[in-house]
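My numbering puts the first residue of the sequence shown at 164, with every later residue one more than the last.
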Amino acid sequence: MKIFNARHFLRHLSMPTLQEFTEGHILGTRLAVDWTQLPELLPTAVADLVDDIETLLQDPAIDPAERKAIEQDLWLWHDDLRRAHMMANGLSIQEFRSACGEDPEIEPAFASRDEKEIALWMLTYRDKAFRDAELHIAFQAKTNGKYWKKHRIQPGLKPTHERALLDAFCHDVAQLYKKDGAGEGIHIEISERPVDESVQLTIYVEGPVTALAHFAQNNFTRLTTRIALESAIAYHPATGMVETIVKGGAKNHTAVLQLFGKHVVGQEIAPEEIEKKRYRLNALRDGLMEPFEDWSTHGVEMVRLRRAHFSPAGNTAIGFQVEASPDQGHDDAIRIALDSLNVEHSFEAEYNMDGASVIVYTGKSAKGKTQHFSFNLYASGSSTIKNLSARNQVIANAVLRALNVIDSDEAPVEVEEPADDEVFA
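This is the structure:
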């Protein structure tokens with residue numbers, strides 16, 4: 164279920180996980196749950212008790228301080244369940260494993276739980292690792308976007324964890340947004356990713372005054388608030404690569420990096436911007452998808468184009484997108500385009516491909532189900548490959564090299580292969 168609903172989410176939890184989360188949550192002290200009930204009745208019972216507390220808030224005689232405390236506990240309950248819902252996916256599970264490293268309790272806990280329960284267990288017992296994974300995935304979702312840039316600085320620098328220096332860094336970053344109406348409030352989080360030893364700083368600055376229309380206690384109202392302006396910087400000591408997500412253009416990116424050098428690593432840095440390498444998507448226009456290299460060594464059986472976006476070459480006509488069925492035996496997007504377009508000279512001469520969605524088929528599972536994963540590419544150099552599992556990232560780049568979309572010397576850093584029984588995304 165893509166849309167979050169707390170009651171629906173609880174119905175997917177087994178009794179042990181539900182009890183662990185409920186008893187460990189701050190709202191749990193207000194919930195008199197009879198855990199001796201039949202397991203299948205417990206999710207509804209817990210949800211009903213939460214509803215009873217929400218109904219209690221409608222009593223005008225309740226003490227204002229107590230009302231505020233209950234509202235805060237309820238908000239945390241719903242927000243924590245929503246966060247677990249958002250992190251209940253294969254990519255998050257991979258990040259949890261990376262964040263927890265050699266933790267001996269991880270594999271036994273994960274083995275008996277599904278993705279929703281794993282996310283909730285992590286939030287209950289490994290909240291710091293959960294938050295680190297949450298921040299990393301949020302950062303990756305914004306890479307290749309308009310606020311993202313990549314630079315190279317000195318490798319081997321050691322970012323500080325001293326709170327006074329981090330707050331000074333955050334405060335100076337806030338000054339960059341003063342002209343946009345930012346306030347004085349600041350917050351900064353530091354997280355580390357053991358798998359590549361990168362360090363991420365996530366910065367929140369009090370934004371300009373904003374009026375929001377919303378519902379509170381089922382009543383429509385307007386709220387004046389200050390939404391946080393988010394910035395982030397991720398530094399990779401092994402390579403010296405540093406990624407920034409900053410609003411305000413290249414000037415602000417440079418300013419944030421200079422402040423990072425001043426406060427966080429304690430030395431002046433000279434950032435060198437890394438230009439994104441473009442993907443040669445026109446190599447996919449013939450629709451044959453025949454590899455220049457043997458991709459069977461990676462377990463790849465077949466590659467198809469699920470979607471293809473074209474722009475006419477040499478004129479200002481409107482671009483268009485062709486979409487194909489995800490079924491392995493059907494024509495892909497290129498074949499549909501060739502059969503549908505009225506081409507006067509040659510398809511290759513008249514149209515450039517500037518976007519594509521690639522499906523990679525990797526055989527059948529033990530149950531006979533076709534295993535595959537997909538990713539998006541854009542000629543500008545952006546892609547969603549980073550959102551794949553570690554193993555599938557390696558396979559995706561091998562496919563692009565085999566199809567001559569990228570050069571052979573653009574191979575990614577090899578990663579440790581996961582267990583053989585990992586299910587492909």
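Don't be surprised by glycine CBs; every beta carbon is placed ideally from N, CA and C.
Asked	Found
From G411, P434, H493, residue whose alpha carbon lies closest to that of Q135	Outside the modelled stretch of the chain, which goes from 164 to 588, sits residue 135, for which no answer is possible.
Cβ distance (whole Å) where R170 is taken to contact A210 below 8 Å	4 Å
Run of the beta strand (DSSP E) containing G526, from where it starts to where it stops	514-527
Cα-Cα separation between F172 and H248, rounded to whole angstroms	7 Å
Per-residue DSSP class, three states only, for Y367	strand
Status (buried if at least 16 other CB within 10 Å, exposed otherwise) for T388	exposed
Coarse secondary structure for W311, derived from DSSP in three states	strand
Cβ-based neighbour list, E280, same chain, cut-off 7 Å, excluding 5 preceding and 5 following	L176, S177, T180
Sequence-distant residues of its chain with Cβ nearer than 8 Å to L194 (five each side left out)	T185, V209, L212, V213, I216
As assigned by DSSP and simplified to three states, the class of I432	coil
Nonlocal neighbours in the same chain, by C-beta distance under 6 Å from I269, ignoring five residues either side	C263
DSSP state of V576 mapped onto helix, strand, coil	Any reading at V576 needs caution, since the residue's pLDDT is 37, under 50, leaving its predicted position unreliable; the model's value is listed next. Residue state, collapsed to three classes: coil.
Nonlocal neighbours in the same chain, by C-beta distance under 7 Å from Q182, ignoring five residues either side	W198
Simplified DSSP assignment, three categories, for H175	coil
Environment of L339 [buried if 16+ CB atoms lie within 10 Å]	buried
DSSP state of Y442 mapped onto helix, strand, coil	coil
Beta-carbon gap between N550 and Q303 smaller than 8 Å	yes
Separation of N539 from S571, as counted between CA atoms	20 Å
Alpha carbon of G319 to alpha carbon of W238, nearest angstrom	42 Å
Member of V463, S275, D242, H535 whose CA lies at the smallest distance from the CA of D490	H535
Distance between A274 and Q200 (C-alpha atoms, nearest Å)	25 Å
Coarse secondary structure for Y288, derived from DSSP in three states	helix
Where Q484 falls: helix, strand or coil (DSSP)	strand
According to DSSP, residues forming a beta bridge with S543	BP columns for S543 are empty, so no partner.
From P371, H299, N555, residue whose alpha carbon lies closest to that of E352	H299
Alpha helix (DSSP H) segment containing G406, residue limits	Note on residue identity: the sequence assigns Glu, not Gly, to residue 406. First-last for E406: 404-408, but that is the beta strand (DSSP E), not the alpha helix (DSSP H).
For A401, the three-state DSSP class (helix, strand or coil)	coil
Nonlocal neighbours in the same chain, by C-beta distance under 7 Å from T373, ignoring five residues either side	T388, R389, I390
Sub-8 Å separation of A330 and I349 beta-carbons	As written in the sequence, residue 330 is Asp, which differs from the Ala given in the question. Yes.
Spatial distance of P223 from L375 (CA atoms)	26 Å
Inter-residue spacing [alpha-carbon to alpha-carbon] between K527 and S361	35 Å
From H493, A565, N168, R294, residue whose alpha carbon lies closest to that of E456	A565
Cα-Cα separation, H508 to F378	With a pLDDT of 42 at H508, under the threshold of 50, the modelled position of that residue is not reliable, and no figure is offered here.
Counterpart residues of T388 in DSSP-defined beta bridges	T373
Simplified DSSP state of F455, which is helix, strand or coil	coil
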